[in-house]
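Below: the structure, in structure tokens.
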DNA sequence: AAGATCGACAACCGCAGGGAT
DNA sequence: TATCCCTGCGGTTGTCGATCT
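In UniProt numbering, the protein residues as written are 1 to 253.
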């Protein structure tokens with residue numbers, strides 16, 4: 001019998017996602033949600049498998065994602081949680097709002113592991129690494145500043161270095177990106193930034209600042225030319241702007 | 001300047017869990 | 001209970017930019 005493959009692999013695209021694919025996926029999910037990931041690529045007009053779409057969405061396109069390097073407090077929390085939970089990245093990620101398991105896993109493998117080893121701590125066991133010269137001594141090195149996950153959570157929520165307020169919400173005025181009205185009627189084919197997407201200026205209600213994804217789905221926004229645009233279009237622009245700009249990384253540092 | 005190497009992160013793969021029938 | 005299907009998870013690989021030689 002055997003399992004059915006997650007998708008018909010023939011003719012499906014693999015590798016890095018293009019801006020166009022991102023746009024299609026975001027547009028589809030914002031307008032329809034994702035009833036069933038397997039059906040998403042077909043309905044969204046993507047040559048990807050559902051799994052790939054889900055991963056792209058959850059790890060990169062989701063609106064509630066926090067971007068940039070993990071803060072000191074977040075890193076400490078990850079170490080603490082790892083000591084208690086092991087490689088259960090999704091569980092660890094659930095304690096860090098706006099962070100994905102993949103992101104934490106990558107950060108662990110590339111940064112934290114090295115850091116701990118440098119400190120003489122085994123990243124697997126969180127115990128001091130025994131050296132050949134020095135016979136192992138029961139030195140108590142507490143890699144975790146927290147006594148429990150609850151305590152860590154409490155710290156995280158109270159820490160001035162990190163709070164959920166830092167999660168970059170889709171602020172209305174952030175979605176409104178450079179919109180060159182003068183070029184809207186004239187051709188911009190000679191522009192050095194051919195990928196630049198023109199989105200309409202939108203007036204956002206203050207209460208919308210706290211709207212979730214579900215609230216945005218299917219929402220039509222008025223534009224200056226009277227042509228209603230979906231909120232998803234504005235959202236797509238926001239995401240791509242955010243992704244294309246590296247500056248935010250440095251702002252966080 | 002060009003090739004080699006390294007590091008960071010995005011994406012893929014295979015498996016397991018759980019709900020539906 | 002058995003089977004199917006979908007989703008989530010964790011390990012691994014691939015890609016690309018930065019740095020080194």
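Cβ coordinates follow ideal geometry from the N, Cα and C atoms, glycine included.
| Check | Outcome |
| --- | --- |
| Can you tell me which of the three DSSP states residue 129 falls into? | coil |
| Report buried or exposed for residue 22, applying the criterion of at least 16 other Cβ atoms within 10 angstroms of its Cβ. | buried |
| Ordered along the chain, which non-local residues of its own chain (more than five positions away) have a Cβ less than 7 Å from that of residue 46? | 21, 24, 25 and 53 |
| Looking only at C-alpha atoms, which of 73, 12 and 85 sits nearest to residue 51? | 12 |
| May I have the straight-line CA-CA distance separating residue 62 from residue 31, to the nearest angstrom? | 14 Å |
| Short check: CB of residue 101 to CB of residue 90, under 8 Å? | yes |
| Would you report the Cα separation of residue 106 and residue 73, rounded to the nearest angstrom? | 17 Å |
| What separation, rounded to the nearest whole angstrom, lies between the Cα atoms of residue 123 and residue 42? | 42 Å |
| Look at the alpha carbon of residue 115 and the alpha carbon of residue 37, and state the distance between them as a whole number of angstroms. | 38 Å |
| For residue 104, which option in 29, 119 and 76 has the closest C-alpha, if you only look at C-alpha atoms? | 76 |
| Whole angstroms is fine: what's the gap from residue 112's alpha carbon to residue 70's? | 10 Å |
| Can you check which of these residues, 57, 14 and 18, is closest to residue 254 by C-alpha distance? | Residue 254 falls outside the range modelled here, since the chain spans only 1 to 253, and no answer is possible. |
| Considering only C-alpha positions, which residue in the set 109, 60, 88 and 83 is nearest to residue 19? | 60 |
| What residues are listed by DSSP as bridge partners for residue 121? | 128 |
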